[in-house]
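Chains as they are written, first to last, in the working numbering: chain Y, 386 to 578; chain W, 386 to 578; chain V, 386 to 578; chain P, 386 to 578.
4 protein chains.
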Amino acid sequence: MSKREQEIIAAAAAIFKEKGYQAATTRDIAAAVGIQQATLYYYVKSKEELLYLVVREPIDRLYMQVEAIMQASLPARVKIEQGIGVHLAAFDDNYPHMLVFVQELHNVVQALRDRLQNFPRRYQSLWEDILRQGVTTGELRRDLDITATALMILGMCNWMFRWYRKGGRLDAQTLAKQYAETLLHGLTARPAS
Amino acid sequence: MSKREQEIIAAAAAIFKEKGYQAATTRDIAAAVGIQQATLYYYVKSKEELLYLVVREPIDRLYMQVEAIMQASLPARVKIEQGIGVHLAAFDDNYPHMLVFVQELHNVVQALRDRLQNFPRRYQSLWEDILRQGVTTGELRRDLDITATALMILGMCNWMFRWYRKGGRLDAQTLAKQYAETLLHGLTARPAS
Amino acid sequence: MSKREQEIIAAAAAIFKEKGYQAATTRDIAAAVGIQQATLYYYVKSKEELLYLVVREPIDRLYMQVEAIMQASLPARVKIEQGIGVHLAAFDDNYPHMLVFVQELHNVVQALRDRLQNFPRRYQSLWEDILRQGVTTGELRRDLDITATALMILGMCNWMFRWYRKGGRLDAQTLAKQYAETLLHGLTARPAS
Amino acid sequence: MSKREQEIIAAAAAIFKEKGYQAATTRDIAAAVGIQQATLYYYVKSKEELLYLVVREPIDRLYMQVEAIMQASLPARVKIEQGIGVHLAAFDDNYPHMLVFVQELHNVVQALRDRLQNFPRRYQSLWEDILRQGVTTGELRRDLDITATALMILGMCNWMFRWYRKGGRLDAQTLAKQYAETLLHGLTARPAS
DNA sequence: TATGAATGAGCTTTCATTCAT
DNA sequence: AATGAATGAAAGCTCATTCAT
């Protein structure tokens with residue numbers, strides 16, 4: 386992948402993030418790179434392809450990281466902590482890309498979802514596996530609804546895309562720790578034992 | 386508000402939900418109501434206005450409900466339970482409208498956000514208030530980051546827009562109870578006391 | 386069909402004729418009608434549809450006319466004369482339309498040919514029928530290659546699209562008579578009997 | 386002319402034939418040769434030049450052949466037979482090139498026609514000369530319209546471009562004989578004398 | 001109350017061509 | 001002899017919106 390292509394993908398990520406995929410124009414993107422609109426098409430087949438390119442790599446990496454965590458032999462508690470950690474870190478590292486993913490996937494043609502091999506479903510399954518293991522080993526509450534809980538975790542993590550700003554008061558790792566702590570032990574104050 | 390206008394808003398909600406605001410066309414919406422594109426403009430000033438109309442009422446109602454909960458004299462635990470309850474119920478009752486709100490507001494001009502009186506921020510504050518009260522009374526953990534926790538709750542609730550289907554396995558009230566339970570006491574299995 | 390639509394089709398015929406279908410632009414056509422390009426699309430679905438509309442009617446009429454001739458009970462000689470007559474008259478009456486047909490059909494998507502129900506093949510068959518009848522009745526030479534002769538007739542008639550100008554020295558009916566005469570009796574001078 | 390240049394011209398002929406001049410792209414042609422688009426321009430000045438190169442040689446050769454026939458001292462009947470023979474043979478030998486010529490010349494800028502020294506007109510004149518000679522010597526019917534007849538002959542010959550396929554049922558020489566026979570003596574069955 | 005007709009602005013994409021290397 | 005990179009110009013088409021009726 387040439388340097389130009391990387392520039393284009395980065396610019397596209399930023400502009401998709403800012404305006405949304407539909408509202409972003411190829412002219413915008415080209416201008417951000419400092420090239421002509423036509424030149425964009427020398428590097429990229431279409432606007433939709435560009436969306437795919439923006440999203441592909443961080444998505445793949447996140448999947449593989451959580452998959453590795455899932456397969457490791459660790460207590461569920463640690464897997465959950467680490468999983469939330471890498472998820473939020475992905476936002477921290479690739480904010481525009483992840484944001485575009487979370488924000489746009491829904492409104493975009495099926496074709497893209499297919500090319501990402503139905504990532505959202507597969508990723509959700511990974512989390513369900515982690516939770517199921519935890520229930521099986523007795524570490525987690527037996528009455529958990531696995532699916533609902535997985536979606537709860539994904540919800541609280543993905544929602545970052547609405548408010549997270551790199552360099553803000555809350556950095557991703559601090560946040561991950563707090564989320565994991567609350568998720569595992571609840572908001573309720575524990576009686577001083 | 387005439388019956389026609391209500392029809393138009395309902396149709397717009399459905400189509401914004403399905404295709405997203407940008408991709409939805411005024412033609413689509415008119416066709417769904419069974420009128421001409423031009424007729425739309427007899428009832429509604431612009432497409433953006435339509436988005437506002439779709440979103441305004443359920444948003445206002447939700448705000449008022451949570452505000453009432455916040456001001457009631459109840460334990461934080463109950464406020465959180467009830468707050469999650471009304472939030473998810475709002476999705477249940479007005480799925481397309483809430484979804485449009487959660488999904489689209491972000492990409493739309495500032496003007497619209499102003500007309501909603503910066504709802505997202507105000508709504509977040511409400512939840513922060515509830516949490517702060519709980520910490521003050523000692524009911525909730527003293528080390529909570531109020532903002533992060535509020536955002537965590539909003540995240541897990543709003544994420545419903547990605548997967549919730551009325552009449553599916555999980556109804557909104559069951560889900561609300563589970564979310565509240567996990568949020569308050571955590572995933573971890575408690576020792577049989 | 387509104388007056389505007391007719392204007393558009395006429396303008397399209399003229400411009401397709403002049404520049405060819407590919408080189409003609411929808412901007413050209415709109416300008417010729419005196420409307421905006423966008424207005425074109427209020428009346429016509431696409432450029433390709435426009436080509437179809439230009440070509441459809443004269444083509445259908447020609448087919449029906451020759452079909453009627455074929456089915457009449459007349460000597461082959463007369464059928465041939467009349468067939469050439471209506472064929473050349475079609476050019477005379479609808480020059481741009483027929484020309485567009487003869488010129489463009491070949492380079493244009495299969496879809497169009499399908500919509501015209503494979504006119505060229507069917508039309509050729511009609512002529513083959515006429516010839517076959519003539520051979521059967523003994524009026525025409527027994528050694529004729531029916532297909533080759535049909536194509537010869539179509540060739541000499543269709544070639545008009547390359548040079549015919551209404552109001553030129555040769556009008557279509559004169560031409561038709563001469564072509565029929567030569568076709569039936571040859572170029573060779575007959576001995577004064 | 387280098388071997389590469391010949392390859393390019395042949396490829397261009399094939400692609401112009403298949404898609405038409407306008408729809409053919411320089412990329413298509415380059416790809417067919419196995420070179421880059423830019424490399425094309427090392428060998429050929431422009432796409433239009435390429436059209437000229439495709440067409441020039443077979444056209445020139447045909448002209449010279451018919452010119453020689455015209456100037457020979459032969460009966461008109463034989464000249465016509467031979468003329469049709471070489472014309473159809475030109476299609477047989479250089480199908481894509483001749484087809485491109487017959488099909489495309491019309492839509493292309495005047496400049497190109499000039500470079501071919503107005504071939505169509507000159508070629509038509511050649512045939513008119515042949516016919517005029519035949520009338521003068523009394524071999525052909527005195528009432529012939531020379532121009533119309535020349536155009537009739539060109540029409541039936543050129544129309545081959547629409548249906549001829551090398552190796553099909555009708556080979557060019559058989560066809561030429563039949564066309565000449567019909568042209569000279571007509572379709573009408575002659576009384577057994 | 002409703003709409004047929006029209007449009008300005010803008011979109012994605014294509015393409016012949018150029019040029020430094 | 002060949003090409004990777006770039007582009008100006010233009011194409012077909014869409015859409016929110018207007019307005020006379």
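Cβ atoms here follow ideal geometry from the backbone N, Cα and C, with glycine treated the same way.
Values in this document were obtained by computation on a predicted structure and should not be read as measured data.
- For the pair Leu438/P and Ile400/P, the CB atoms are not nearer than the 9 Å cut-off.
- For Pro481/V, the enclosing alpha helix (DSSP H) starts and ends at Tyr480 to Glu489.
- Annotation: the continuous alpha helix (DSSP H) that includes Trp512/Y extends over Phe504 to Thr521.
- For Asp478/P, the closest alpha carbon among the candidates Val440/P, Thr521/P and Arg412/P is that of Val440/P.
- Partner residues in the beta bridge of Thr573/P, as assigned by DSSP, are Leu525/V.
- The beta carbon of Asp413/P does not come within 9 Å of any beta carbon belonging to chain V, so the residue lies off that interface.
- Under the 8 Å Cβ criterion, the region 448 to 460 of chain Y does not count as touching the region 538 to 551 of chain Y, having fewer than three qualifying pairs.
- Boundaries cannot be given for Trp544/W, as no alpha helix (DSSP H) includes it and DSSP labels it neither H nor E.
- Collapsing the DSSP output to three states places Gln456/Y in a helix.
- Identification of chain W residues near Glu524/Y by a Cβ-Cβ cut-off of 8 Å yields Thr573 and Ala574, ordered along the chain.
- Counting of Cβ neighbours within 10 angstroms places Gly470/P among the buried residues, the total reaching 16 or more.
- Restricting attention to Glu403/V, Met386/V, Thr567/V and Ile414/V, the CA atom closest to the CA of Met483/V is found in Glu403/V.
- Spanning the alpha carbons of Ser510/V and Glu442/V requires a straight line of approximately 20 Å.
- Runs of the alpha helix (DSSP H) lying entirely within the region 402 to 455 of chain P and spanning at least 4 residues, in chain order: 411 to 418 and 422 to 428.
- With respect to the 9 Å criterion, Ala474/Y and Ala561/Y are classified as neighbours on the basis of their beta carbons.
- Around the beta carbon of Glu489/Y, 16 or more other beta carbons sit within 10 angstroms, so the residue counts as buried.
- Asp556/P sits in coil when the DSSP states are folded into three classes, being neither helix nor strand.
- Where Leu497/P is concerned, the enclosing alpha helix (DSSP H) starts and stops at Gln495 to Arg500.
- Asn492/P is classed as buried because its beta carbon has at least 16 other beta carbons within 10 Å across all chains shown.
- Arg527/W reaches chain Y at Ala574, counting residues in chain order whose Cβ is nearer than 8 Å.
- CA-to-CA, the gap between Thr411/W and Lys432/W works out to about 7 Å.
- Neighbours of Leu555/W in chain Y, taken as residues whose beta carbon is under 8 Å from its own, are Asp530, Thr532 and Ala533 in chain order.
- Taking the Cα of Ala453/V as reference, the smallest distance to any Cα among Asp499/V, Val429/V, Asn503/V and Tyr508/V is reached at Tyr508/V.
- In this structure, the straight-line span from the alpha carbon of His472/Y to that of Pro505/W is close to 24 Å.
- In the three-state reduction of the DSSP assignment, Asp477/V falls in the helix class, which pools H, G and I.
- The contact set of Tyr564/P on chain V, defined by CB atoms closer than 8 Å, consists of Ala533 and Met537 in chain order.
- The three-state reading of DSSP puts Met537/V in helix, counting H, G and I together.
- Any Cβ of chain Y closer than 9 Å to the Cβ of Met541/W would place that residue at the interface, and such an atom is present.
- Look at Thr567/P: its C-beta is under 9 Å from a C-beta on chain V.
- Annotated three-state conformation of Lys388/W is helix, per DSSP.
- Across the structure, Gly419/V and Tyr480/V are spaced so that their CA atoms are roughly 22 Å apart.
- An exposed status is given to Lys430/Y, since fewer than 16 other beta-carbon atoms sit within 10 Å of its beta-carbon.
- Residues of the region 389 to 418 of chain V that bring their beta carbon within less than 8 Å of a beta carbon in chain P comprise Lys404, Gly405, Gln407 and Ala408, in sequence order.
- By the C-beta density criterion, Ala557/W is buried, having at least 16 other C-beta atoms within 10 angstroms.
- At least 9 Å separates the CB of Met483/V from every CB of chain P.
- The three-state reading of DSSP puts Lys562/Y in helix, counting H, G and I together.
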